[in-house]
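Reading through the structure tokens given below for one structure.
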Amino acid sequence: HAAALKWEKANLRLLTRASSGSIMLTATLPRRGSFKGLSPHGFHDVVYHEWGDPAARDVVVCVHGLTRNGRDFDVLGEALASTHRVFAVDLPGRGESAWLADPADYVFPTYLATLTALLARTGAERVGWVGTSLGGLLGMVMAAQPNSPVARLVVNDVGPAIEPAALARIGGYVGADPLFATFAEIDAYVRAISPFGPLTPAQWEHMTRSCVRQRSDGRMLHPARNRHVGLATKTGLDGPVHQQIRIAPDW
1 HAAALKWEKA NLRLLTRASS GSIMLTATLP RRGSFKGLSP HGFHDVVYHE WGDPAARDVV
61 VCVHGLTRNG RDFDVLGEAL ASTHRVFAVD LPGRGESAWL ADPADYVFPT YLATLTALLA
121 RTGAERVGWV GTSLGGLLGM VMAAQPNSPV ARLVVNDVGP AIEPAALARI GGYVGADPLF
181 ATFAEIDAYV RAISPFGPLT PAQWEHMTRS CVRQRSDGRM LHPARNRHVG LATKTGLDGP
241 VHQQIRIAPD W
């Protein structure tokens, strides 16, 4: 198990930068930063993407959904860069961040510890928070804590309760881990499993290129279909993870 995981990590390449013929959504690319996060089974590398003047007083933290990554916020980050410093994290096992050693560690406490480290990295005492889906749930938990640094909270594609039908849909594809021979094939797959409404061709291409990994044998996979994230999610749909996200009584 450990040897196979090590091989996968060593033989995956993220297609995050524009390649020949690809469409750019923004005029600039974010700066890339990283730090060490801590889970119950050791430290791991966490990558974040940053826009704006490093000296800017106003800070916004952006957190993506369950199977996405921080590059989902490229357009927002560039739009806010003239007035804010913007941070968008790749949660563990997503984007350019390292996979965790134990699948059981893909849970709220690990994510909250990661985000607390990110907040410390910003150096800000108060931040705005933009969260999509899982990122919105994590923002609710953060904002509800005593002495929270979250001054403003924007949530997208989520509420304080998640319906069983939505959890069943997520469980139907997360962690499926399919492989594809061409970019066109994986692009079609991303469109099929992404309920994000009508997007332009450029938006769809960005969504795919920002998350696809290419193995050394040339085949491509969707890293957020990381089977270890999927295992933790599916295990929790009727158990601990489901309990964590049923936070409506606290709001």
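The sequence shown: position 170 = 170 (our numbering), numbered continuously. Yeah, the Cβ is synthetic: ideal placement off N, Cα and C, and Gly gets one too.
Requested in this report: Would you give the residue range spanned by the beta strand (DSSP E) that Gln-203 belongs to?
Outcome: Note, Gln-203: premise wrong, no beta strand (DSSP E); alpha helix (DSSP H) at 201-209.
Residue-level contact to chain C via CB, Gly-197, 8 Å cutoff:
No chain C is present in this structure, which holds just one protein chain.
* Asked: How about Arg-68 and Arg-94: do their beta carbons lie closer than 8 Å?
  -> yes
Exercise. Any idea which residues DSSP pairs Ala-104 with across the strands?
Worked result: Looking at the DSSP assignment, Ala-104 forms no beta bridge with any residue, so it has no partner.
Original post:
Should Gly-52 and Val-89 be called a contact, given that it needs their Cβ atoms to be closer than 8 Å?
Top reply: no
Is it the case that the Cβ atoms of Gly-37 and Thr-114 are separated by a distance below 8 Å? yes
Alpha carbons only, please: which of Pro-109, Asp-45 and Thr-122 is nearest the one belonging to Ala-262? Given that the chain is displayed from residue 1 to residue 251, the structure contains no residue 262 and the question cannot be resolved.
Verify whether the separation of the beta carbon atoms of His-206 and Asp-105 is less than 8 Å. no
### Message
Which runs of the beta strand (DSSP E) at least 3 residues long sit entirely within the stretch 58-114? Give them in chain order.
### Response
59-63 and 85-89
- Message: Quick check: the Cα distance between Val-155 and His-222, rounded to an integer number of angstroms?
- Response: 25 Å
Worksheet item: Do you know whose CA, among Ala-79, Leu-112, Thr-122 and Leu-100, lies nearest Gln-145's CA?
Response: Leu-112
| Cα-Cα, which of Thr-83, Arg-126, Gly-197 and Cys-211 is closest to Asp-187? | Cys-211
Practice task
May I ask which residues mark the beginning and end of the alpha helix (DSSP H) holding Val-141?
Solution key: 134-144
Whose C-beta lies closer than 8 Å to the C-beta of Leu-80 among residues of the same chain, with five residues either side of it excluded? Trp-51, Gly-52, Val-60 and Val-86
Original post:
Skipping 5 residues on each side, what residues in its chain have a beta carbon closer than 8 Å to that of Pro-92?
Top reply: Gly-37, Ser-39, His-44, Val-46, Ala-98, Trp-99, Leu-100, Asp-105, Tyr-106, Thr-110, Tyr-111 and Thr-114
Inset, instruction - Pick helix, strand or coil for Asp-45, following the three-state DSSP scheme. - result: strand
Margin query: What does the alpha-carbon distance come out to for the pair Ala-56 and Ala-27?
Written below: 20 Å
* Considering only C-alpha positions, which residue in the set Met-24, Phe-180 and Ala-143 is nearest to Arg-213? -> Phe-180
- Message: Distance check for Arg-209 and Arg-219, CA to CA, integer angstroms please.
- Response: 14 Å
Beta-carbon proximity of Val-127 to Ala-151, cut-off 8 Å
yes
Report all residues from its chain with a CB closer than 6 Å to the CB of Gly-159; omit the five preceding and five following residues, and keep chain order.
-> none
ask   = How long is the line joining the alpha carbons of Pro-254 and Asp-157, rounded to whole angstroms?
value = This structure cannot speak to residue 254, because the chain is shown only from 1 to 251.
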